[in-house]
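A.B. asks: This is the structure I have questions about; it appears just below.
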Amino acid sequence: MATKDRSEPPSKRAWLLRSLIPASHGRKQTSSLVWVLAVALGLSAGVGAYTFSYAKGLSYFGTDPRACTNCHIMEPEYAGWQKGSHHDVAVCIDCHLPRSFVSKYLVKAENGYRHGKLFTTQTFEEPITIKPAGLAILQSNCERCHADLVHDILRPERGGAAAAAAEFPCIHCHWTVGHGERAGLGGPLSATEFGAQPDAPNMEIRD
Amino acid sequence: MNIAERKAEHRQPFVRVVEVTEDDTDPAKWGKNWPLEYDGYKRTALQTGTRFGGYAGSEALPPEKIERDPWLARMFKGYAFSIDYRDRRGHAFMLSDQEATKRLTKPQSGSCLHCHASILPLYRQLGNGDAMAGFEHSFEYSYQELSAKLHESGHAHPVSCVDCHAPADMALRVTRPGFVRGIQALAASDAPVPALPSIALWRQGKRTAPYDPNVDATRNEMRSFVCGQCHVEYYCSTKMILTFPWGKGLSAQDIEAYWDETNFPDGKKFVDYVHEETGAHVLKAQHPEFELWNQGIHARNGVSCADCHMPYMREGAAKISDHWVRSPLLNVNRSCQTCHRAPESELRARVNVIQERNYELLQRGGAAIVALIDGIVAAKASGATPEALAPALELQRRAQWRLDFIAAENSMGFHAPQEAAKVLAEAIDYARQGEIAVLRAQAAARPSLPGGAPAALSEE
Amino acid sequence: MNIAERKAEHRQPFVRVVEVTEDDTDPAKWGKNWPLEYDGYKRTALQTGTRFGGYAGSEALPPEKIERDPWLARMFKGYAFSIDYRDRRGHAFMLSDQEATKRLTKPQSGSCLHCHASILPLYRQLGNGDAMAGFEHSFEYSYQELSAKLHESGHAHPVSCVDCHAPADMALRVTRPGFVRGIQALAASDAPVPALPSIALWRQGKRTAPYDPNVDATRNEMRSFVCGQCHVEYYCSTKMILTFPWGKGLSAQDIEAYWDETNFPDGKKFVDYVHEETGAHVLKAQHPEFELWNQGIHARNGVSCADCHMPYMREGAAKISDHWVRSPLLNVNRSCQTCHRAPESELRARVNVIQERNYELLQRGGAAIVALIDGIVAAKASGATPEALAPALELQRRAQWRLDFIAAENSMGFHAPQEAAKVLAEAIDYARQGEIAVLRAQAAARPSLPGGAPAALSEE
Ligand SMILES: [Ca+2]
Ligand SMILES: [Ca+2]
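Chains as they are written, first to last, in the working numbering: chain A, 1 to 207; chain B, 208 to 667; chain C, 668 to 1127.
Below, the structure written as structure tokens:
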């Protein structure tokens, strides 16, 4: 029966998985080049040694949730997490960073690089929305902690956490476990925003 | 700017550079204390538009709704709205657009200014310090008289900070007497209010004092009440005080029942106008955004007008409300994505599906109402008696009320999609039943034909 | 049982105590491997009911829909559904209820069994191993013939595990040829499918192979497709192969267009039946849950049938899908509250508001269709010609199709509230236009009267 085709997901499904991610704003995934760069030069490559240390770059390697709120931009999520159902059982990195030692620090470097750069240049899109890569990590962490309970409902033959994250993730239903209701916040009025509105010809562009 | 500066900005406390009072209707002064909000407020003078919302053109005035949809003009025959009825636009235009409308060529009341100017100081003046007393007399003035007084008084501004904020602490508050009286009548009734928890709560209390939005309402409710001061169905003329018809509830059906039982001070039965061609006694619906929103799922979930039309936004480290009140479709990332985890294109598509369905039904209703009016006119021409046509005229009243209710509402059905579609379905049913009543009346005039007595109204 | 035991009980990996194959239609055997799911499955034999859903009574058979809403029987005059048409109930009854219906007193096709029994082995038998080939002949058999073969074959079970699961790995899969052919036609069309992303993706591909749900669909889509094998509009008789009419899209309007352009194998124009009283050529709609769900906001958000009708449940230390398929209103905490953080009472109230609005419009439509049928009957009695009545009969077809579409759909509008209301609004408009056409036709017979030629259909 056709089900055998399921065992090795065709590449077009992989494409679909990505296309299904909500609110991914279609931003390109960080290239492996950036990864190498980030690892080679460390966070400083991204945000400069000054910014890095000032932004408590070192505490960024710890597990203290407040490390994340070194950036005020993370505060809504911090506040949401505190009220969420997991604040007493899981900290930020339990859900948002991979478990294995190496990949954990790779991701930290990558996040630190990207977040730091984006934060400094304020070029990220708001409301801040978890990206496909972030969702896959998240999924693997849900599965890790709840493996016993959810054993029967996982379908590894359709691909690992990345596939599940895109096709049918835990947060399809449990989207409030981390932060309760969504804590996003729209950013400041920007010039590009006006340009992006063809049906508003008389719109002025603010300096 | 680097992280250091961002942190600094984050710590910045906010300082009042000038004192503002109840008599400061000039937003520029408030803007000195709150430049970010003022900056947004000023943008309401920018012209923005969407498929169904606002107006982005370059002409001096927005296009005429009555030209785009001739069936509107046909419904309004015999009423000022058939002369001039345009698309709305930003708050900055509210006073000038009112002064420019040809509807003023017909006698209008001072009540008009209730929702188009920062009028509280003038009400206090008329009431020797008591705004409510002043309001209670304001409808007796002609529009021109009161407008003159407004300009003398120096308060001829569109809606301003002081209309929604208490100068002392910037708390939200409602200032419009029409809203206060309307919401009190609603609270006093037993109409269900699933979206207004503080009213349900007040009803459980002793009811010693009437419901007072500025005291009893939750902060979240206030984020909609400030808009409900104006974005509502009303009656406004020199014959009767400005009325928000909420004494039986907020649905189209509740409000129809309210008007049906209303009499003018002179004891005559309430009516907005007599249709020029058919003689039907009809009702006029105006922008019932607050009422329709109340029927929707967003309201039930406590999603307020401000959530979508004045969303919070990040200014550096501060979180402020975008005072550029406009279509949320121009602001999807702030207005919708804060709650909905879907791409902007998908959210636009969802709104589009809802609005197109509503638009299709609206046009279907327009065709039906025109057919009914044509039918009645033809019947009169062929000598049908008023008695024979009475059921058809009653059906025209019912049909027009419902059709106008959704046509005048400005979200093209979005604020409560299923309810809007239901109201339109009823409008279509009544309009077609009216046509049938006309044909029956004519047939009845010919005993040989079937059909017999005029059709009885089928019950809701 | 203490936690240690719980864990122990669970730790044993998915042991299979028996092997199951494509020919194991007996759920009891599968139940040995998956007792928790089997327990739920067996409960579908319990009788449960809500205001609009299911059936909780104690009589042998659920009550007659056609007695509760006589206008249904009136619409179906001349068709088997006017004899016997009842409320549905749990899956366990599907085969016995079919065998018990008096609709079988009229000749019916073997196609009926497609959705009421675990029929794949029989299809393979008919097709010498090829299920699709077997299916393609199954409609030629009378119901009684095929039913006899089914019982002989020993596979006379209601829907069983093997109908939704691959025995090898328990993956979801669709087995029903009717669904596969229907969804392939949909994929091949260019109808928008916002709720079915894998079809949109397939369309972007080379299209070398036809769309195959078992290969191309996502796991989340499969959670709805397994239901779409049966909870759909269909045509089923010995005149033509069992057809899911999706070649132009899934909306009521798309499907009407599809039937309008369909011909029987003998070349005659497609029709379900000729209305006994009026002679109108009408269409019959059956339980279009899958189609209406596709028009709704839940589908657009990827919320599947299983999410609400088979929610996960915690059983001991394991989490499984509740195989007691039933009304979610009997299971609100699991079916709704993981996604909606509102109290159960509030969620019930929301459903109630939606369903009551839909019910009100449905009854309004019932009144309109009866008035139309009465009108046509009277006109014929008074000698109106078929030509003169043609527009009225065409309008009856359109009106009935839409009214029946929402009446036959089993969520009382919940699956897509605005779309359902729109379809009903159109139904009401067409029914009333039909009445008008009749009166015009009669008037036309009397030159002296206004109205003239039969009304042209107003466009959608
Ligand atoms: Ca009015
Ligand atoms: Ca059918």
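Glycine included, every Cβ here is placed at the ideal spot set by N, Cα and C.
(1) Using a Cβ-Cβ cutoff of less than 7 angstroms, which residues in the same chain neighbour His298 (chain B) once the five nearest sequence positions on both sides are dropped?
(2) Can you find a heavy atom of ligand 1 that lies under 7 angstroms from the Cβ of Lys313 (chain B)?
(3) Mind pulling the alpha helix (DSSP H) runs of 4 or more residues that sit fully within the segment 880-930 of chain C?
(4) Identify whether Ile1095 (chain C) lies in helix, strand or coil by the three-state DSSP scheme.
(5) Looking at the structure shown, is Arg293 (chain B) part of a helix, part of a strand, or coil, going by DSSP?
(6) CA-CA distance, Ile1103 (chain C) and Gln1109 (chain C)?
(7) Leaving out five residues before and five after Pro384 (chain B) in sequence, what residues of the same chain have Cβ atoms less than 6 angstroms from its Cβ?
(8) Would you verify that the beta carbon of Pro169 (chain A) is, or is not, closer than 8 angstroms to some beta carbon of chain B?
(9) Between Gln953 (chain C) and ligand 2, is the CB less than 7 angstroms from at least one heavy atom?
(10) For Ala263 (chain B) and Gln254 (chain B), which I take to be in contact (beta-carbon distance under 8 angstroms), what is that distance rounded to the nearest angstrom?
(11) So, with DSSP's three-state summary, where would you put Leu379 (chain B)?
(12) Closer than 9 angstroms between beta carbons: that is the criterion. Which residues of the segment 1068-1093 of chain C meet it against chain B?
(13) When every heavy atom of ligand 2 is checked, does at least one fall within less than 7 angstroms of the C-beta of Glu900 (chain C)?
(14) Taking the continuous alpha helix (DSSP H) assigned at Ile583 (chain B), which residues delimit it?
(15) Name, please, each residue of chain C whose Cβ falls closer than 8 angstroms to the Cβ of Arg144 (chain A).
(16) Report yes or no: is there a C-beta of chain C within less than 8 angstroms of the C-beta of Arg557 (chain B)?
(17) Name the residue from C:Thr885, C:Trp913, C:Phe748 whose alpha carbon lies nearest to the alpha carbon of Asp857 (chain C).
(18) For chain A, check one thing: does any of its Cβ atoms lie closer than 8 angstroms to the Cβ of Gln649 (chain B)?
(19) Whose CA, out of A:Ile153, A:Thr123, A:His87, lies closest to the CA of Gly180 (chain A)?
(20) Which residues in the same chain as Ala924 (chain C) place their Cβ atom closer than 7 angstroms to its Cβ, once the five residues preceding and following it in sequence are excluded?
(21) Who are Arg521 (chain B)'s beta bridge partners in DSSP?
(22) Of the choices C:Leu959, C:Tyr902, C:His965, C:Ser971, whose alpha-carbon is the least far from that of Val949 (chain C)?
(23) Excluding five sequence neighbours on each side, which residues of the same chain lie with their C-beta closer than 7 angstroms to the C-beta of Gly698 (chain C)?
(24) Rounded to whole angstroms, what is the Cα-Cα separation between His1007 (chain C) and Thr717 (chain C)?
(25) Identify the contact partners of Glu522 (chain B) in chain A, using a Cβ-Cβ distance below 7 angstroms as the criterion.
(26) Quick check on the DSSP output: what are the complete alpha helix (DSSP H) runs of length 4 or more inside the segment 853-880 of chain C, in order along the chain?
(27) With contact counted as at least three CB pairs below 8 angstroms, one residue from each stretch, are the segment 165-185 of chain A and the segment 121-132 of chain A in contact?
(28) For Gly184 (chain A), go through chain B and note every residue whose CB falls closer than 7 angstroms to its CB, in chain order.
(29) Pick out the complete alpha helix (DSSP H) segments inside the segment 940-973 of chain C, 4 residues or longer, and give them in chain order.
(30) Lys446 (chain B): which of B:Pro401, B:Arg275, B:Gly474 sits nearest, CA to CA?
(31) Below 9 angstroms on C-beta distance, what does Lys699 (chain C) contact in chain A?
(32) Assign Ser805 (chain C) to buried or exposed, taking buried as 16 or more other Cβ atoms, counted over all protein chains shown, within 10 Å of its Cβ.
(33) Touching or not, the segment 508-524 of chain B and the segment 633-640 of chain B, by the rule of three or more beta carbon pairs under 8 angstroms?
(34) Look up Ser360 (chain B) in the DSSP assignment and say whether it is helix, strand or coil.
(35) Using only the heavy atoms of ligand 2, determine whether one of them is closer than 7 angstroms to the beta carbon of Asp921 (chain C).
(36) Per the DSSP calculation, Gly721 (chain C) is bridged to which residue(s)?
C.D. replies: In short:
(1) The answer, listed in chain order, is Thr251, Pro365, Val366, Val532.
(2) No; taking the cut-off as 7 angstroms, the Cβ of Lys313 (chain B) has no heavy atom of ligand 1 nearer than that.
(3) With a minimum length of 4 residues, the continuous alpha helix (DSSP H) runs that stay inside the segment 880-930 of chain C are 880-883, 886-895, 919-927.
(4) The answer is helix: DSSP assigns Ile1095 (chain C) an H, G or I state.
(5) Arg293 (chain B) falls in the strand class under three-state DSSP.
(6) Cα-Cα distance, rounded: 10 angstroms.
(7) Excluding sequence neighbours, Pro384 (chain B) sits near Met339, Phe342.
(8) Using a Cβ-Cβ cut-off of 8 angstroms, Pro169 (chain A) does not count as an interface residue toward chain B, since no Cβ of chain B sits closer than that to its own.
(9) Yes, since a heavy atom of ligand 2 falls inside the 7 angstroms radius drawn around the Cβ of Gln953 (chain C).
(10) Yes, they are in contact, since the Cβ atoms of Ala263 (chain B) and Gln254 (chain B) sit about 5 angstroms apart, within 8 angstroms.
(11) Note: Leu379 (chain B) maps to strand in three-state DSSP.
(12) So the close ones are Gly1080, Pro1084, Gln1085, Glu1086, Ala1087, Ala1088, Lys1089, Leu1091, Ala1092, Glu1093.
(13) Yes; taking the cut-off as 7 angstroms, the Cβ of Glu900 (chain C) has a heavy atom of ligand 2 nearer than that.
(14) DSSP places Ile583 (chain B) inside the alpha helix (DSSP H), whose first and last residues are 551-588.
(15) Within chain C, no residue has its beta carbon less than 8 angstroms from that of Arg144 (chain A); the closest one is some 15 angstroms off.
(16) True, the Cβ-Cβ gap to chain C drops below 8 angstroms.
(17) Here the closest residue by C-alpha is C:Trp913.
(18) No, Gln649 (chain B) lies away from the interface with chain A (no Cβ there is under 8 angstroms from its Cβ).
(19) Relative to Gly180 (chain A), the option among A:Ile153, A:Thr123, A:His87 whose CA is nearest is A:His87.
(20) Here the set comprises Lys915.
(21) Its beta-bridge partners are B:Lys526.
(22) Here the closest residue by C-alpha is C:Tyr902.
(23) Excluding residues within five positions, the ones whose Cβ falls inside 7 angstroms are Tyr705.
(24) Cα to Cα, His1007 (chain C) sits roughly 21 angstroms from Thr717 (chain C).
(25) What Glu522 (chain B) touches in chain A, judged by beta-carbon distance under 7 angstroms, is Pro188, going in chain order.
(26) Every alpha helix (DSSP H) of 4 residues or more that sits fully in the segment 853-880 of chain C is shown, in chain order, as 864-871.
(27) As far as the Cβ criterion goes, the segment 165-185 of chain A touches the segment 121-132 of chain A, which means the pair count is three or higher.
(28) Within chain B, Gln544, Thr545 have C-beta atoms less than 7 angstroms from the C-beta of Gly184 (chain A), given in sequence order.
(29) The segment 940-973 of chain C contains these whole alpha helix (DSSP H) runs: 956-961, 964-967.
(30) A check of alpha carbon separations from Lys446 (chain B) across B:Pro401, B:Arg275, B:Gly474 identifies B:Gly474 as the nearest.
(31) Contact annotation for Lys699 (chain C) against chain A: no contact, minimum CB-CB distance about 16 angstroms [criterion: below 9 angstroms].
(32) Classification for Ser805 (chain C): buried.
(33) Because the criterion of three Cβ pairs below 8 angstroms is not met, the segment 508-524 of chain B and the segment 633-640 of chain B do not touch.
(34) Here Ser360 (chain B) sits in helix by DSSP.
(35) Asp921 (chain C): no, Cβ never under 7 angstroms from ligand 2.
(36) Partner(s): C:Gly716.
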